[in-house]
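Residue numbers (my numbering), protein chains in the order written: chain A, 505 to 614; chain B, 23 to 136. Here's the structure we're looking at; comments come further down.
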Amino acid sequence: SQQGEEDPQALSIQEGENATMNCSYKTSINNLQWYRQNSGRGLVHLILIRSNEREKHSGRLRVTLDTSKKSSSLLITASRAADTASYFCATGRSFQKLVFGTGTRLLVSP
Amino acid sequence: EAQVTQNPRYLITVTGKKLTVTCSQNMNHEYMSWYRQDPGLGLRQIYYSMNVEVTDKGDVPEGYKVSRKEKRNFPLILESPSPNQTSLYFCASSPQGDRASEAFFGQGTRLTVV
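Structure follows, in structure tokens:
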């Protein structure tokens, strides 16, 4: 069962630009997580935002959550080539019920 | 170093030949999961385990088995692999199940069944 849908599917930007990707989900949640996946490798947790939070920051990452619209956005500021990866949102009330979206592929060119 | 270790990283096998993909975590996590990742479909959960000897089906369990005899290990077993099980497989673990928390992923196993 797929919960999150990321948009856009692919994004290509230059180093130094900001990258914004969005996640929409279908059912009510108590939290939403974002993960990064470098090509063919394991996912790495970036940030978790709870349903009672509207915005959260971690370094160059900014995540927003709008539960009324069932959507979240991930903003990466001042992108670097090393940010090139796929980004996934994940929702679920528990680890065993964590459901991932299909991801946004981000390409940051030097 | 805290990590989830999968082996092998790459595997090519023939239809019907039983195989096991191992997963081990050194963080004393109770919760572990297996996912498969296919283009356009994202990650789909195969099985999960909430503790030793406690396992349950995820969204796509057909053709797979798991066991959890020890807390650190959660092997994925394909009794009779078929070409539609060609995929990228990930094991994950988490310290908490009932409350959402960060999931730690292994580096993946790329399986090809011919």
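For every residue, glycine included, the Cβ atom is placed at its ideal position computed from N, Cα and C. Being a predicted model, the structure only gives us computed values, none of them experimental.
Beta carbon proximity, residue i to chain B, threshold 8 Å
i: threonine 606(A); result: yes
i: asparagine 556(A); result: no
i: histidine 616(A); result: Residue numbering for chain A in the displayed model covers 505 to 614; residue 616(A) lies beyond these limits and cannot be assessed.
i: glutamine 600(A); result: yes
i: leucine 579(A); result: no
i: lysine 552(A); result: A small fix is needed here, since residue 552(A) is leucine in this sequence, not lysine. Chain B contact via Cβ: present.
Cβ shell of residue i (< 7 Å), same chain only, five flanking positions each side left out
i: isoleucine 533(A); result: Ser555, Thr595
i: threonine 108(B); result: Leu133, Thr134, Val135
i: lysine 87(B); result: Ile99, Glu101
i: isoleucine 517(A); result: Ala523, Ser583, Val612
i: asparagine 535(A); result: Leu552, Ile553, Arg554, Ser555
Three-way DSSP call (helix, strand, coil) for residue i in this model
i: glutamine 600(A); result: helix
i: glutamine 107(B); result: helix
i: aspartate 81(B); result: coil
i: alanine 523(A); result: strand
i: alanine 699(A); result: The requested residue 699(A) does not occur in the structure, where chain A is confined to residues 505 to 614.
i: histidine 51(B); result: coil
i: glutamate 510(A); result: strand
i: threonine 27(B); result: strand
i: glutamate 559(A); result: strand
i: valine 136(B); result: coil
i: serine 123(B); result: coil
i: phenylalanine 112(B); result: strand
i: serine 46(B); result: strand
i: threonine 571(A); result: coil
i: serine 532(A); result: coil
Close-in-space but distant-in-sequence residues of the same chain around residue i (CB under 6 Å, 5 per side omitted)
i: methionine 49(B); result: Ala24
i: isoleucine 34(B); result: Thr134
i: valine 74(B); result: Arg90, Lys93
Beta-carbon neighbours of residue i, restricted to chain B and to distances below 7 Å
i: arginine 545(A); result: Gln129, Gly130
Same chain only: Cβ atoms within 8 Å of residue i, ignoring 5 sequence neighbours per side
i: alanine 125(B); result: Ser55, Ala114, Ser115, Ser116
i: alanine 585(A); result: Glu519, Val612, Ser613, Pro614
i: proline 105(B); result: Thr37, Val135, Val136
i: glutamine 67(B); result: Ser55, Trp56, Tyr57, Gly80, Asp81, Val82
Short CB-CB distance (under 8 Å) between residue i and chain A
i: phenylalanine 96(B); result: no
i: leucine 63(B); result: yes
i: isoleucine 34(B); result: no
Neighbour list for residue i in chain A, Cβ cutoff strictly below 7 Å
i: alanine 125(B); result: His549, Phe599, Leu602
i: methionine 72(B); result: Gln600
i: glutamine 118(B); result: Phe599
Partner residues on chain A for residue i, Cβ-Cβ distance less than 9 Å
i: tyrosine 53(B); result: Ser598, Phe599, Gln600
i: tyrosine 110(B); result: According to the sequence as given, residue 110(B) is leucine; it is not tyrosine. In chain order: Gly544.
Extent of the continuous beta strand (DSSP E) to which residue i belongs
i: serine 71(B); result: 64-73
i: glutamine 537(A); result: 535-541
i: threonine 35(B); result: 32-35
i: arginine 609(A); result: 608-613
i: serine 89(B); result: From DSSP, serine 89(B) is part of no beta strand (DSSP E); its letter is neither H nor E.
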